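Trainee: Keeping their order, the protein sequence lines are chains A and B.
Here the first sequence stands for residues 82 to 499, where the numbers follow the numbering used here.
Here the second sequence stands for residues 82 to 499, where the numbers follow the numbering used here.
We put the CB at the ideal spot given by N, CA and C, even for glycine.
Predicted model only: the values in this text are computed from it and were never measured.
The following block contains the structure, expressed as structure tokens.
Protein chains: 2
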Amino acid sequence: MESFFKVKTPEEVHRILDRFGPAGTERVPIEAALDRVLCEEITAPEDLPLFPRSSMDGYAVRAKDTFGAAESLPALLEVIGEIPMGGAPSKELGPGQALRISTGGMLPQGADAVVMVEYCRLMDEKTLEVDRPVSPLENVIQPGDDFRKGRRILEKGRRLRFQDLGVLAGLGIGEAPVYTRPRIGIISTGDELVDVHETTAPGQVRDVNRYTLSAFCRKLGAEPVPLGRSGDSFHDLRALIREGLDRTDSVWISGGSSVGTRDLTLGVLESFDGFDLLVHGISISPGKPTIIGRVGACPVLGLPGHVASAMVVAEVFLGRLIRRLSGLRGASLEGRAHLTAVLSRNIESAPGREDYVRVKLSKEGGRWVAVPIFGKSALISTLVEAHGLVRVDLHSEGLYQGDAVRVRLFDDASGGGL
Amino acid sequence: MESFFKVKTPEEVHRILDRFGPAGTERVPIEAALDRVLCEEITAPEDLPLFPRSSMDGYAVRAKDTFGAAESLPALLEVIGEIPMGGAPSKELGPGQALRISTGGMLPQGADAVVMVEYCRLMDEKTLEVDRPVSPLENVIQPGDDFRKGRRILEKGRRLRFQDLGVLAGLGIGEAPVYTRPRIGIISTGDELVDVHETTAPGQVRDVNRYTLSAFCRKLGAEPVPLGRSGDSFHDLRALIREGLDRTDSVWISGGSSVGTRDLTLGVLESFDGFDLLVHGISISPGKPTIIGRVGACPVLGLPGHVASAMVVAEVFLGRLIRRLSGLRGASLEGRAHLTAVLSRNIESAPGREDYVRVKLSKEGGRWVAVPIFGKSALISTLVEAHGLVRVDLHSEGLYQGDAVRVRLFDDASGGGL
Numbered sequence: 082m083e084s085f086f087k088v089k090t091p092e093e094v095h096r097i098l099d100r101f102g103p104a105g106t107e108r109v110p111i112e113a114a115l116d117r118v119l120c121e122e123i124t125a126p127e128d129l130p131l132f133p134r135s136s137m138d139g140y141a142v143r144a145k146d147t148f149g150a151a152e153s154l155p156a157l158l159e160v161i162g163e164i165p166m167g168g169a170p171s172k173e174l175g176p177g178q179a180l181r182i183s184t185g186g187m188l189p190q191g192a193d194a195v196v197m198v199e200y201c202r203l204m205d206e207k208t209l210e211v212d213r214p215v216s217p218l219e220n221v222i223q224p225g226d227d228f229r230k231g232r233r234i235l236e237k238g239r240r241l242r243f244q245d246l247g248v249l250a251g252l253g254i255g256e257a258p259v260y261t262r263p264r265i266g267i268i269s270t271g272d273e274l275v276d277v278h279e280t281t282a283p284g285q286v287r288d289v290n291r292y293t294l295s296a297f298c299r300k301l302g303a304e305p306v307p308l309g310r311s312g313d314s315f316h317d318l319r320a321l322i323r324e325g326l327d328r329t330d331s332v333w334i335s336g337g338s339s340v341g342t343r344d345l346t347l348g349v350l351e352s353f354d355g356f357d358l359l360v361h362g363i364s365i366s367p368g369k370p371t372i373i374g375r376v377g378a379c380p381v382l383g384l385p386g387h388v389a390s391a392m393v394v395a396e397v398f399l400g401r402l403i404r405r406l407s408g409l410r411g412a413s414l415e416g417r418a419h420l421t422a423v424l425s426r427n428i429e430s431a432p433g434r435e436d437y438v439r440v441k442l443s444k445e446g447g448r449w450v451a452v453p454i455f456g457k458s459a460l461i462s463t464l465v466e467a468h469g470l471v472r473v474d475l476h477s478e479g480l481y482q483g484d485a486v487r488v489r490l491f492d493d494a495s496g497g498g499l
Numbered sequence: 082m083e084s085f086f087k088v089k090t091p092e093e094v095h096r097i098l099d100r101f102g103p104a105g106t107e108r109v110p111i112e113a114a115l116d117r118v119l120c121e122e123i124t125a126p127e128d129l130p131l132f133p134r135s136s137m138d139g140y141a142v143r144a145k146d147t148f149g150a151a152e153s154l155p156a157l158l159e160v161i162g163e164i165p166m167g168g169a170p171s172k173e174l175g176p177g178q179a180l181r182i183s184t185g186g187m188l189p190q191g192a193d194a195v196v197m198v199e200y201c202r203l204m205d206e207k208t209l210e211v212d213r214p215v216s217p218l219e220n221v222i223q224p225g226d227d228f229r230k231g232r233r234i235l236e237k238g239r240r241l242r243f244q245d246l247g248v249l250a251g252l253g254i255g256e257a258p259v260y261t262r263p264r265i266g267i268i269s270t271g272d273e274l275v276d277v278h279e280t281t282a283p284g285q286v287r288d289v290n291r292y293t294l295s296a297f298c299r300k301l302g303a304e305p306v307p308l309g310r311s312g313d314s315f316h317d318l319r320a321l322i323r324e325g326l327d328r329t330d331s332v333w334i335s336g337g338s339s340v341g342t343r344d345l346t347l348g349v350l351e352s353f354d355g356f357d358l359l360v361h362g363i364s365i366s367p368g369k370p371t372i373i374g375r376v377g378a379c380p381v382l383g384l385p386g387h388v389a390s391a392m393v394v395a396e397v398f399l400g401r402l403i404r405r406l407s408g409l410r411g412a413s414l415e416g417r418a419h420l421t422a423v424l425s426r427n428i429e430s431a432p433g434r435e436d437y438v439r440v441k442l443s444k445e446g447g448r449w450v451a452v453p454i455f456g457k458s459a460l461i462s463t464l465v466e467a468h469g470l471v472r473v474d475l476h477s478e479g480l481y482q483g484d485a486v487r488v489r490l491f492d493d494a495s496g497g498g499l
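Spelled out as structure tokens, the structure:
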């Protein structure tokens with residue numbers, strides 16, 4: 082087994098994960114397309130808007146009829162009617178004329194500007210005094226001002242934000258072409274595990290990773306597929322992985338933490354035709370005993386059984402994998418929020434190992450202070466108390482109290498009760 | 082109408098929104114509880130773990146049997162067997178004895194420490210050489226080390242993160258007591274609006290706010306309930322709002338942007354018994370013509386029809402409202418990510434008005450640069466290009482090129498293709 086040991090640095094692991102890509106595409110109604118990733122570029126099928134619109138309440142006019150207008154010498158215009166919302170103006174505007182118009186109304190033929198209602202006084206039903214001149218196109222949105230027909234609007238590989246969906250709606254695009262959500266098969270292993278609903282006998286613990294890893298997938302827009310639990314049995318574990326390979330886009334096996342179970346996972350993976358071991362150990366702490374391989378195009382992962390270790394590996398690496406499987410593009414795939422904080426005490430670290438230290442944040446005198454939470458990586462309490470992770474570089478021997486550190490937040494700040 | 086004008090500052094609006102609270106509670110399986118908000122404090126129903134566990138692979142021993150051990154003078158112990166995973170040890174450990182144990186295994190009676198396998202040599206089946214001493218409790222997780230029975234684990238009003246769900250699973254809590262998701266009724270008004278699937282006639286535009294506001298709600302964990310579209314008809318609009326009051330926890334009416342429609346919305350709201358107008362205009366730009374009121378406990382909002390204005394109001398105020406309706410606690414409810422950037426050019430602003438300027442971000446020489454996007458608030462393109470908003474304070478006359486500004490991001494950085 083030792084000869085296969087492929088301990089990689091975090092940077093090498095990132096490059097390996099970057100080779101994976103999305104599994105398929107589909108079309109979804111824009112109502113359901115938030116946070117989905119475009120699999121095609123979107124171009125405008127028509128001008129938006131399609132007609133000249135007023136951006137103010139006021140009067141549609143010919144700009145030159147208002148030139149020189151002032152409070153002391155207002156321009157006098159003849160009001161010939163009102164433009165209905167939602168329809169085309171029935172009248173053309175002649176010299177010296179004005180038409181009442183509302184925000185969003187369509188400009189009539191002959192008009193090239195809108196005077197805001199604040200600068201107008203209606204003297205009688207037909208006579209309007211205008212106190213200020215307007216320039217041509219003032220308060221007017223021209224056809225195509227928002228998007229011109231044929232213009233590239235949204236790029237392939239973009240995650241659809243709420244405003245992006247608005248553009249699609251505005252252009253009459255009711256369905257978005259997107260990559261399918263990655264389906265992640267989740268398997269827990271270990272003879273000691275029981276279900277959340279079961280009472281534990283001495284020596285037994287409940288399966289935690291199933292829930293944390295599933296929720297992690299969901300948070301990043303992937304669809305978790307819990308495949309069940311396997312004891313330390315080659316046959317049972319192989320059957321679950323087989324099901325995962327058939328039904329999902331990536332299979333994640335967590336635990337057991339014991340050497341025996343770790344060896345079992347690798348042994349089972351090696352029994353699949355075309356299995357390729359890419360990573361056998363990562364130089365990080367916690368999270369070192371991580372296995373990454375592929376069976377065909379499907380990434381398969383053996384994660385540490387320790388709850389906190391598995392979660393750190395998820396945070397640091399698996400978010401990136403999900404983004405790749407989702408089809409997200411862009412140089413910076415690490416989208417998690419960060420903030421800068423002052424370290425409350427020294428952190429020691431061994432060079433040659435990238436450490437991820439859980440920290441709790443508090444605000445003191447207007448600045449964020451990061452307090453390291455030390456504790457065994459089997460303890461989930463360390464992660465519940467933590468707001469995020471501080472990375473200690475591979476080549477560093479540690480960080481000092483008072484250092485400004487970059488904290489990678491688990492969640493937006495409201496989540497952790499900040 | 083003028084006498085009712087209640088233009089408020091953003092700060093006043095925040096305080097008004099803070100008066101609203103969650104509508105109800107329910108219990109959901111932890112598989113579905115990610116990002117839901119706890120409506121009760123959670124305390125540990127039992128110790129976690131329930132029994133002493135090894136955090137390493139190695140041998141369970143009595144620490145004092147290893148005192149003084151060294152490579153040159155190893156301690157000699159008798160191996161009496163192996164502890165099975167998932168079960169209680171069948172043997173008690175006597176002086177001078179050792180039991181093989183895996184990570185997560187249960188410590189036997191008589192043992193108080195675990196020697197890592199790396200420091201052990203098995204001389205024959207029964208004889209173990211130990212190269213280093215261990216202290217009592219070394220490599221052992223004690224009962225309650227993670228959470229002690231009765232300890233407060235998660236506070237009421239906390240949004241459940243993926244690790245929090247892990248703790249619940251570990252403690253055998255399969256359902257979480259949470260506040261119901263706020264249901265937000267969405268109504269669009271304006272004679273000019275047609276559906277996304279319709280062809281537009283001159284003067285008509287497609288209903289964009291329905292999609293952007295729904296997606297905004299979804300993003301923040303609320304459940305949008307699109308109630309439909311109403312022309313500028315008192316009767317139709319009243320019927321939709323009535324339905325919203327009956328079926329949802331908050332009703333949002335957007336558009337039309339014209340004075341006539343704005344007056345209509347207020348008129349209809351005033352026709353409901355117990356309607357209380359709280360805000361009639363906010364001193365921000367864009368977004369000034371916003372109405373906030375309540376009918377009984379239900380917040381009702383009249384939002385600007387301009388797409389970009391409605392979205393800025395949503396970003397700045399409605400996220401806070403949703404958080405309140407969700408039951409989220411904490412001083413800092415504004416959970417959106419921020420980053421600091423250098424402003425690429427001057428921004429002018431009128432004192433007495435809080436401006437929200439859309440900015441595009443780019444990285445230049447290792448620092449973020451924020452480029453203001455100026456454009457009419459009717460243009461949705463300004464928001465599609467933007468990565469976030471820069472606030473110009475109520476009392477400021479503007480910001481200068483080169484100023485360090487805080488950019489409120491619409492999304493995590495990956496969303497906008499950074």
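Within 10 angstroms of its Cβ, does Ser382/B collect 16 or more other Cβ (buried), or is it exposed?
Mentor: The sequence given here places Leu at residue 382/B; Ser does not occur at that position. Its Cβ being crowded by 16 or more others within 10 Å, Leu382/B is buried.
Trainee: At a cut of 8 Å, does the segment 350-364 of chain A reach the segment 285-297 of chain A through at least three beta carbon pairs?
Mentor: No, they do not touch.
Trainee: Does DSSP classify Ser335/A as helix, strand or coil?
Mentor: In the structure shown, Ser335/A sits in a strand (DSSP, three-state: E or B).
Trainee: So that I know if they touch, is there some Cβ in chain B lying closer than 8 Å to that of Glu273/A?
Mentor: By this cut-off, Glu273/A is an interface position.
Trainee: Using CA coordinates, which residue listed in Lys300/A, Ser335/A, Glu206/A is at the minimum distance from Thr61/A?
Mentor: With chain A running from 82 to 499 in the structure shown, residue 61/A is simply not present.
Trainee: Based on the DSSP secondary-structure assignment, which residues constitute the bridge partners of Pro307/B?
Mentor: For Pro307/B, which the question treats as bridged, DSSP gives the partners Ile267/B.
Trainee: Where does Lys207/B land, buried or exposed, given buried means 16+ other C-beta within 10 angstroms?
Mentor: Burial call: exposed.
Trainee: Alpha carbon to alpha carbon, how far is Gly177/A from Arg134/A?
Mentor: Roughly 20 Å separates the two Cα atoms.
Trainee: Cβ-heavy atom distance between Phe228/B and the ligand NAD below 7 Å?
Mentor: Only the bare structure without any ligand can be found here, which leaves the ligand NAD out of the picture.
Trainee: Roughly how many angstroms lie between the CA atoms of Arg410/A and Trp449/A, to the nearest whole one?
Mentor: Cα to Cα, Arg410/A sits roughly 32 Å from Trp449/A.
Trainee: For Glu415/A, which of helix, strand or coil comes out of DSSP?
Mentor: At Glu415/A, the pLDDT of 48 sits below 50, so the modelled position is not reliable and the matter cannot be decided from this model.
Trainee: Please classify Gly227/B: is it buried, with 16 or more other beta-carbons within 10 angstroms of its beta-carbon, or exposed?
Mentor: Residue identity check: residue 227/B is Asp in the sequence provided, not Gly. Buried is the call here.
Trainee: Bridge partners of Cys201/B, per DSSP?
Mentor: Answer is Val211/B.
Trainee: In terms of alpha-carbon separation, which member of Asp436/B, Gly255/B, Pro103/B, Leu420/B lies closest to Val277/A?
Mentor: With distances taken between Cα atoms, Val277/A lies closest to Gly255/B.
Trainee: Less than 8 Å between C-beta atoms, sequence neighbours within five positions excluded: which residues of the same chain meet that for Gly479/A?
Mentor: So the qualifying residues of the chain are Asn427, Ile428, Glu429, Ser430, Val473.
Trainee: Nearest by alpha-carbon distance to Thr124/B: which of Leu131/B, Leu235/B, Gly186/B, Gly374/B is it?
Mentor: Closest option to Thr124/B, Cα to Cα, is Leu235/B.
Trainee: Would you decide whether Pro217/B is buried or exposed? Buried here means 16 or more other CB atoms lie within 10 Å of its CB.
Mentor: Its Cβ having fewer than 16 others within 10 Å, Pro217/B is exposed.
Trainee: Round the Cβ separation of Thr329/B and Arg229/B to the nearest angstrom and send it over; I've been treating them as touching at under 8 Å.
Mentor: Rounded, the Cβ-Cβ distance is 42 Å, inconsistent with contact.
Trainee: Apart from the five residues on each side of it in sequence, which residues of its chain come closer than 7 Å, Cβ to Cβ, to Ser269/A?
Mentor: If we look at Ser269/A and ignore the five residues flanking it on each side, its Cβ neighbours are Asp288, Asn290, Arg291, Arg310, Ser335, Gly336.
Trainee: Between the beta-carbon of Met137/B and the beta-carbon of Met197/B, is there less than 8 Å?
Mentor: Yes, these two residues count as a Cβ contact at 8 Å.
Trainee: Run through DSSP, which three-state label would Phe356/B get?
Mentor: Here Phe356/B sits in strand by DSSP.
Trainee: Go ahead and pull the three-state DSSP assignment for Asp233/B.
Mentor: One point to set straight first is that residue 233/B is Arg, not Asp, in the sequence displayed. Three-state result, Arg233/B: strand.
Trainee: Quick one: grab the DSSP three-state call for Val454/A.
Mentor: A quick correction: the sequence has Ile, not Val, at residue 454/A. Coil at Ile454/A, not helix or strand.
Trainee: Asp116/B to His468/A, Cα distance in whole Å?
Mentor: Rounded to whole angstroms, Asp116/B to His468/A spans 15 Å at the Cα level.
Trainee: Using a Cβ cut-off of 9 Å, which residues of the segment 460-478 of chain B contact any Cβ in chain A, in chain order?
Mentor: Result list: Leu460, Ile461, Ser462, Thr463, Leu464, Val465, Ala467.
Trainee: Anything in chain B within Cβ reach of Arg233/A, meaning under 9 Å, just list it in chain order.
Mentor: In chain order: nothing, as chain B lies at least about 11 Å away.
Trainee: Please check if any C-beta of chain B sits within less than 8 Å of the C-beta of Ser136/A.
Mentor: Taking Cβ atoms only, chain B reaches closer than 8 Å to Ser136/A, which makes this a yes.
Trainee: Compute the Euclidean distance between the alpha carbons of Val397/B and Gly368/B, then round it to the nearest angstrom.
Mentor: Between Val397/B and Gly368/B, the C-alpha separation is close to 10 Å.
Trainee: Using only alpha-carbon positions, find the residue among Ala192/A, Arg404/A, Cys201/A, Gly348/A that is nearest to Leu154/A.
Mentor: Minimum Cα distance to Leu154/A is reached at Cys201/A.
Trainee: Could you list the residues in the segment 282-293 of chain B with a C-beta less than 8 Å from some C-beta on chain A, going in chain order?
Mentor: Per Cβ criterion, the list reads Ala282, Pro283, Gly284, Gln285, Val286, Arg287, Asp288, Val289, Asn290, Arg291, Tyr292, Thr293.
Trainee: Mind checking which residues open and close the alpha helix (DSSP H) that includes Asp436/B?
Mentor: Careful: Asp436/B lies outside any alpha helix (DSSP H), inside the beta strand (DSSP E) at 435-445.
Trainee: Given this structure, state the Cα-to-Cα distance separating Pro305/A from Ala459/A, to the nearest angstrom.
Mentor: Near 23 Å, if we compare the C-alpha coordinates of Ala459/A and Pro305/A.
Trainee: Determine the chain A residues that contact Lys237/B at a beta-carbon separation under 9 Å, and present them in chain order.
Mentor: Near Lys237/B there are no residues of chain A at all, since even the closest Cβ is about 10 Å away, more than 9 Å.
Trainee: On the CB-based measure, 16 or more other CB atoms within 10 Å of its CB, does Ala485/B come out buried or exposed?
Mentor: By the 10 Å Cβ count, Ala485/B comes out exposed.
Trainee: In or out: Ala282/B buried (at least 16 other Cβ within 10 Å) or exposed?
Mentor: Ala282/B should be labelled exposed.
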